[in-house]
Amino acid sequence: MFWASYLLAGLAIILAWPVPVLLSRAKWPARSPFTAMVLWQAIALAGGLSMIGAMLTWGLEPIGDNLAQGISALWDILIQRRPAETLGLVHVFAISAALLLSAHLVFTLLLTFYRIQGARRRHRDMLNLLSSPSLDAPATLVIPHPSPVAYCLPGGAQSVTVLSDGLMDILTESELSAVMTHEKAHLSQRHHLLLWAFAAWRAALPWLPTSQLAQRSVNELIEMLADDEALKKVDRPTLIRAVAIVGSGAGSVSGTESAAGIPAASTATVTGGGSAGEGVGMAGRLSRLLTPQPPLPQWAKALVQACSVLLLAVPTVLLFAPGLIH
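Just so you know, UniProt numbering puts 322 at position 322 of the sequence shown, and the rest follows in order with no gaps.
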């Protein structure tokens with residue numbers, strides 16, 4: 001387990017800096033946003049597991065050949081008060097650091113969820129005061145505002161799409177259908193859950209390049225996924241016009257701009273998509289729609305997905321394989 005801890009530390013470093021930097025600069029994610037989303041999730045999960053696992057396996061190395069044996073021996077020391085002469089101060093520090101980091105990540109995840117839910121409740125209360133139900137579309141609210149504004153407010157069975165009357169006046173019926181499909185895609189594909197997880201990851205480790213680049217890239221990818229879903233219902237020129245018209249106003253197609261006195265919320269708080277400042281840029285979205293690239297071939301998608309599985313399998317094997325490189 002001694003060498004396993006060093007291998008985990010090396011993997012954690014690779015996933016914390018060069019890999020996310022290279023992936024954030026790559027062009028292929030725009031050709032297959034779902035595959036890229038899977039890879040980003042694997043990088044985040046494997047990076048966190050490797051980071052915690054490196055400290056934990058190194059701390060437990062004197063009392064176990066693998067993680068299960070080490071935890072069992074530590075349990076005997078703590079609960080049954082068996083002697084712990086084999087654990088030095090440095091090893092105790094490593095174990096404590098691993099446990100504290102784990103607790104910090106879980107606590108930040110729950111705290112982020114609590115804050116998001118609170119912000120959504122306040123936002124929904126203001127919408128109840130300032131909006132009116134759409135006569136043409138179910139689960140849709142209309143706010144009085146001259147600028148084109150559209151976003152979705154997740155909430156399970158109470159999820160709604162919010163449109164401004166200014167937007168509805170500007171867009172044609174087909175363009176409005178594109179916007180609606182885009183927003184409903186955020187809700188049906190549960191993009192707000194991804195944003196919650198990556199927002200918590202960034203809040204917990206704001207200094208880590210993975211957390212910053214991952215959140216930005218995930219915001220971009222969910223916009224691409226929602227655009228692709230809209231293209232199944234309307235043609236490309238219609239979606240391009242809708243994106244351009246909405247982008248010319250105060251918000252984006254899934255923006256979080258203030259409207260009719262409703263304050264803007266953070267990216268992961270209200271919408272299922274990114275904000276105008278932190279999500280994918282309007283120019284980037286239009287460029288992708290105007291000059292579409294062929295999707296990744298199936299073998300390339302399979303290769304990326306296999307790499308994602310491998311990223312999760314390697315730290316798991318290093319942690320739990322019995323007697324690994326002792």
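For glycine and all other residues, C-beta sits at the position ideal for the given N, C-alpha and C.
Whole-angstrom distance between residue j and residue i, CA atom to CA atom
i, j, result
"M55", "A9", "8 Å"
"F198", "Q215", "5 Å"
"P33", "S217", "10 Å"
"W299", "Q158", "40 Å"
"R124", "S102", "33 Å"
"A306", "L105", "27 Å"
"D227", "Q189", "12 Å"
"Q69", "Q80", "16 Å"
"R202", "P83", "40 Å"
"A97", "L310", "26 Å"
"G88", "L312", "30 Å"
"W3", "A94", "15 Å"
"W75", "N128", "53 Å"
"M73", "V92", "Before going on, a small fix: residue 73 reads as Ala here, not Met. Using only the alpha carbons, I get a separation of about 13 Å."
"M51", "P297", "33 Å"
"K27", "M126", "40 Å"
"L130", "T172", "24 Å"
"residue 327", "M282", "Past the boundaries of the shown model lies residue 327; the chain is included only from 1 to 326, so the question cannot be answered."
"V304", "L225", "18 Å"
"V90", "A119", "43 Å"
"P206", "L110", "17 Å"
"D65", "V314", "17 Å"
Same chain only: Cβ atoms within 6 Å of residue i, ignoring 5 sequence neighbours per side
i, result
"G277", "Below a pLDDT of 50, predicted positions are generally treated as unreliable, and G277, at 37, falls in that range; the measurement from the model is reported next regardless. Answer for G277: no residue qualifies."
"L213", "P20, S24"
"S5", "A54, T57, W58"
"R241", "E175"
Residue i and residue j closer than 8 Å at C-beta
i, j, result
"I77", "L60", "no"
"I116", "T86", "no"
"P295", "R31", "yes"
"T108", "A200", "yes"
"T238", "S164", "no"
"A302", "A230", "no"
"S308", "L39", "yes"
Spatially closest choice to residue i from the options, by CA coordinates
i, options, result
"I14", "A204, P206, A44", "A44"
"E220", "V179, L286, L100", "L286"
"L23", "Y6, A42, L7, S5", "A42"
"A46", "S164, A283, A12", "A12"
"L49", "L99, A244, L111", "L99"
"V21", "F113, S211, D228", "S211"
"residue 329", "N66, A36, W3", "Summary: the structure shown does not reach residue 329, with the chain confined to residues 1 through 326, and so no result is reported for it."
"L135", "E183, V162, P315", "V162"
"H182", "T238, E223, L129, L127", "E223"
"H191", "G118, P144, C152", "C152"
"I170", "A244, P154, K232, V314", "A244"
"P29", "G284, L311, L312", "G284"
"P138", "S177, R202, A97, M282", "S177"
"L193", "G156, H91, R82, A313", "G156"
"S248", "K232, P146, P297", "P146"
Cutoff 8 Å; reference residue i; Cβ partners in own chain excluding five residues on either side
i, result
"R236", "L289, P292"
"P133", "T140, L141, V142"
"L67", "M1, G53, L56, T57, L60, L319, F320"
"L187", "C152, P154, S159, T161, G272"
Distance cut-off 7 Å: residue i Cβ against heavy atoms of the ligand NAD
i, result
"W75", "Ligands displayed in this structure: none; no statement on the ligand NAD is therefore possible."
Cut-off 7 Å between Cβ atoms - residues of its own chain near residue i, not counting five sequence neighbours on either side
i, result
"W196", "T112, F113, I116, A268"
"residue 327", "This structure does not reach residue 327, given that the chain is present from 1 up to 326, and the question cannot be answered."
"A204", "H104, L105, T108"
Identify every run of the alpha helix (DSSP H) within the stretch 82–131, keeping only runs that are complete inside it and at least 4 residues long; order them along the chain. If only uninterrupted alpha helix (DSSP H) runs of at least 4 residues are considered, those enclosed by the stretch 82–131 are 89–130.
Can you give, in chain order, each stretch of the beta strand (DSSP E) that sits fully within the UniProt domain "Peptidase M48" (125–197) and has at least 3 residues? Fully enclosed beta strand (DSSP E) runs of 3 or longer: 140–143, 150–153, 160–164.
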